[in-house]
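Engineer:
In mature numbering (1 follows the signal peptide of the UniProt record, and there is no 0), the protein residues as written are -21 to -1, 1 to 355.
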């Protein structure tokens, strides 16, 4: 499943993705990434500054490629997003390590720096995003004003892109039902409960622990109760130390999974017995973040990708995957949201909790210091 720090898709088209580009150094000829006024794509902070959308499209087509990482086709409809971008602009996409975690994306930016195979763009969970802002290039898409101030870094270093709510997915052919977190401590759930990755590195897993904390006397300021809950799960023999994925769900290795509602909902297309629940009163929401690498080997294509993702077309394609796009409110007001798709989103009951930057940092520090000691 992925992302580990990416973890909010139901309908997915087959992505037209090509193999990762050769690892040769990028060309010294940057003429294809220079706008009409001599502004380089690597320094452009908006399409307007580069000379307009037409100039950006032309430059991206000349570059001809875009390197993405940690974007599985079945994650929030990324398969269709990638193929639609290529069809629209003729820019091929090199998709590396689709099942990687957010931290793996950062590692790749650092280790591949200066090579043509380095990631151009990143899609990461909150904690990893905030810890690495020195690696990003500021950029504001054309629809910038539609994005709430609280959901973007003010110069455009990172921007919330899509989100959802943490949920529990389970195989109803094996269990009578799950309505509360405490149900998972029962003997019926031996060797059954899994996270989507390591919570010190993966956004979905991090949020799974945070949700468990909210449901067990913790708060947005205290994730320790979530660690305590998973410690109990482990002692009961119910926690499976395996990264959940569509494959492990299909084989039955992880019949109960903490994951974003859009990712759990995606499994229903393959397993009619797969049910998804957001426990009442335990509603943890989160968004993933887009960022452009400041050392992107294809800087024009990287910026064009952002323009596509935050356009009405891109936002509705995320919605098609069951994720809630960041411009959803503005698009609903404007009448450009796909109302039928919006109506299919899972219902939630209770006030949603969104961790602040400081709360995320505090929780990340606690997990880094305590998760391995508690869980192993």
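Quick reminder that beta carbons are idealized off the backbone N, C-alpha and C, glycines included.
Please read all numbers here as calculations on a predicted model, not as lab measurements.
Whole-angstrom Cβ separation of residue 279 and residue 38, contact assumed at under 8 angstroms?
Structural biologist: Position 300 of the chain shown, counted from the first residue, corresponds to residue 279. Position 59 of the chain shown, counted from the first residue, corresponds to residue 38. Yes, residue 279 and residue 38 are in contact; Cβ-Cβ is about 4 angstroms, under 8 angstroms.
Engineer: From the DSSP output, which residues share a beta bridge with residue 162?
Structural biologist: Locating residue 162 in the chain shown gives position 183, where the first residue counts as 1. Partner(s): none; residue 162 has no beta bridge.
Engineer: If I measure Cβ to Cβ from residue 248 and keep anything under 6 angstroms in the same chain, skipping five residues before and after, which residues do I get?
Structural biologist: Start at 1 with the first residue of the chain shown, and residue 248 comes out as number 269. No residues qualify anywhere along the chain.
Engineer: Cβ of residue 48 versus every heavy atom of the ligand FMN: is any distance shorter than 7 angstroms?
Structural biologist: This structure lacks the ligand FMN, and indeed carries no ligand of any kind.
Engineer: Distance, Cα to Cα, residue 348 vs residue 354?
Structural biologist: Here residue 348 refers to the residue found at position 369 when the chain shown is read from its first residue. Here residue 354 refers to the residue found at position 375 when the chain shown is read from its first residue. Answer to the nearest angstrom: the Cα atoms are 12 angstroms apart.
Engineer: Any idea which residues DSSP pairs residue 303 with across the strands?
Structural biologist: Sequence index remark: in the chain shown, residue 303 carries index 324 (1-based). The partner list for residue 303 (beta bridge, DSSP) reads 142.
Engineer: Closest to residue 270 by CA distance: which of 118, 253 and 251 is it?
Structural biologist: By 1-based counting over the chain shown, the position of residue 270 is 291. Taking only the C-alpha atoms, the option nearest residue 270 is 118.
Engineer: From this set, 257, 177, 82 and 260, which residue's C-alpha is nearest residue 351's C-alpha?
Structural biologist: Along the chain shown, one-based indexing puts residue 351 at 372. The option with the nearest alpha carbon to residue 351 is 177.
Engineer: Which runs of the alpha helix (DSSP H) fall wholly inside the region 159 to 242 and span at least 4 residues, in chain order?
Structural biologist: As far as the region 159 to 242 is concerned, its whole alpha helix (DSSP H) runs of at least 4 residues are 182 to 193, 203 to 214 and 225 to 230.
Engineer: Going by DSSP in three states, residue 264 sits in which element: helix, strand or coil?
Structural biologist: Translated into the one-based positions of the chain shown, residue 264 becomes position 285. Strand, per DSSP.
Engineer: Quick one, which of 164, 65, 66 and 90 has its alpha-carbon nearest residue 235's?
Structural biologist: Taking the chain shown and counting its residues from 1, the one referred to as residue 235 is at position 256. If we check each option's Cα against that of residue 235, 164 comes out closest.
Engineer: Counting Cβ pairs, one atom from each stretch, are 3 or more of them under 8 angstroms apart for the region 322 to 335 and the region 254 to 267?
Structural biologist: They touch, by the three-pair rule.
Engineer: Quick check on the DSSP output: the alpha helix (DSSP H) that includes residue 137 runs from which residue to which?
Structural biologist: Taking the first residue of the chain shown as 1, we reach residue 137 at position 158. Here residue 137 belongs to no alpha helix (DSSP H), and DSSP marks it neither H nor E.
Engineer: Take residue 205 as the anchor and find which of 213, 194, 214 and 215 has the nearest alpha-carbon.
Structural biologist: Counting from 1 along the chain shown, the entry for residue 205 is found at position 226. Nearest option by C-alpha distance: 194.
Engineer: Report yes or no: do the region 146 to 163 and the region 291 to 298 share at least 3 C-beta pairs separated by less than 8 angstroms?
Structural biologist: These segments do not touch.
Engineer: Once you ignore the five residues that flank residue 173 on each side, which residues in its own chain have a CB closer than 6 angstroms to its CB?
Structural biologist: For this step, residue 173 is matched to residue 194 along the chain shown. Contacts found: 219, 221, 223, 233 and 236.
Engineer: Using 8 angstroms for Cβ pairs, my map puts residue 302 next to residue 241. What's the rounded Cβ distance?
Structural biologist: Numbered from 1 along the chain shown, position 323 holds the residue referred to as residue 302. Numbered from 1 along the chain shown, position 262 holds the residue referred to as residue 241. Contact flag correct, Cβ pair sits at about 4 angstroms.
Engineer: Is the region 65 to 82 close to the region 34 to 51, with three or more CB pairs under 8 angstroms?
Structural biologist: Counting Cβ pairs under 8 angstroms, three or more are found: they touch.
Engineer: To the nearest angstrom, how far is it from the Cα of residue 315 to the Cα of residue 166?
Structural biologist: By one-based count along the chain shown, residue 315 stands at place 336. By one-based count along the chain shown, residue 166 stands at place 187. Taking the straight line from one Cα to the other gives about 48 angstroms.
Engineer: Determine the direct distance from the alpha carbon of residue 92 to that of residue 115, and round the result to whole angstroms.
Structural biologist: For this step, residue 115 is matched to residue 136 along the chain shown. For this step, residue 92 is matched to residue 113 along the chain shown. Cα to Cα, the separation comes out at about 13 angstroms.
Engineer: Taking its Cβ as the centre, do 16 or more other Cβ atoms sit within 10 Å of residue 343, making it buried, or is it exposed?
Structural biologist: Looking up residue 343 in the chain shown gives position 364. Counting Cβ neighbours within 10 Å, residue 343 comes out buried, since at least 16 surround it.
Engineer: For residue 13, name the three-state secondary structure that DSSP assigns.
Structural biologist: Start at 1 with the first residue of the chain shown, and residue 13 comes out as number 34. Strand.
Engineer: Whole-angstrom Cβ separation of residue 212 and residue 68, contact assumed at under 8 angstroms?
Structural biologist: Position 233 of the chain shown, counting from 1, holds the residue named residue 212. Position 89 of the chain shown, counting from 1, holds the residue named residue 68. Not really, about 46 angstroms apart at Cβ, beyond 8 angstroms.
Engineer: Hey, could you find the ends of the alpha helix (DSSP H) residue 284 is sitting in?
Structural biologist: For this step, residue 284 is matched to residue 305 along the chain shown. 278 to 288 is the span of the alpha helix (DSSP H), which, as asked, contains residue 284.
Engineer: With distances taken between CB atoms, is the gap from residue 272 to residue 101 smaller than 8 angstroms?
Structural biologist: In the chain shown, residue 272 corresponds to position 293, counting from 1. In the chain shown, residue 101 corresponds to position 122, counting from 1. Contact flag set, yes.
Engineer: Is residue 261 near residue 190, with beta carbons less than 8 angstroms apart?
Structural biologist: Here residue 261 refers to the residue found at position 282 when the chain shown is read from its first residue. Here residue 190 refers to the residue found at position 211 when the chain shown is read from its first residue. Yes.
Engineer: Which one of 197, 142 and 250 has the shortest CA to CA distance from residue 55?
Structural biologist: One-based indexing of the chain shown puts residue 55 at position 76. Cα-wise, what sits closest to residue 55 is 142.
Engineer: With DSSP as the reference, label residue 19 as helix, strand or coil.
Structural biologist: In the chain shown, counting from the first residue as 1, residue 19 sits at position 40. Looking at residue 19 - three-state DSSP - the assignment turns out to be strand.
Engineer: Taking C-beta to C-beta, are residue 80 and residue 339 nearer than 8 angstroms?
Structural biologist: The sequence position of residue 80 within the chain shown is 101, counting from 1. The sequence position of residue 339 within the chain shown is 360, counting from 1. Cβ distance not < 8 angstroms, so residue 80 and residue 339 don't count as in contact.
Engineer: Spatial neighbours of residue 124 within its chain, please: CB distance less than 7 angstroms, with the 5 preceding and 5 following residues excluded, ordered by chain position.
Structural biologist: Position 145 of the chain shown, counted from the first residue, corresponds to residue 124. If we look at residue 124 and ignore the five residues flanking it on each side, it has no Cβ neighbours.
Engineer: Could you give the DSSP three-state label for residue 57: helix, strand or coil?
Structural biologist: Indexing the chain shown from 1 puts residue 57 at position 78. Helix at residue 57.
Engineer: Could you say which of 121, 22 and 98 lies nearest to residue 356 if we only look at CA atoms?
Structural biologist: Absent from the structure is residue 356, since the part of the chain shown begins at -21 and ends at 355.
Engineer: Can the beta-carbon of residue 356 be found closer than 8 angstroms to that of residue 289?
Structural biologist: Past the boundaries of the shown model lies residue 356; the chain is included only from -21 to 355, so the question cannot be answered.
Engineer: Determine the direct distance from the alpha carbon of residue 168 to that of residue 356, and round the result to whole angstroms.
Structural biologist: Only positions -21 to 355 of the chain appear in the structure, and residue 356 is not among them; the question remains open.
Engineer: Comparing the C-beta of residue 49 with each C-beta of chain D, is any distance below 8 angstroms?
Structural biologist: Protein chain content of the structure displayed is limited to a single chain, and chain D is not contained in it.
Engineer: How big is the Cα-Cα spacing for residue 155 and residue 245?
Structural biologist: Position 176 of the chain shown, counted from the start, is the residue given in the question as residue 155. Position 266 of the chain shown, counted from the start, is the residue given in the question as residue 245. Answer to the nearest angstrom: the Cα atoms are 21 angstroms apart.
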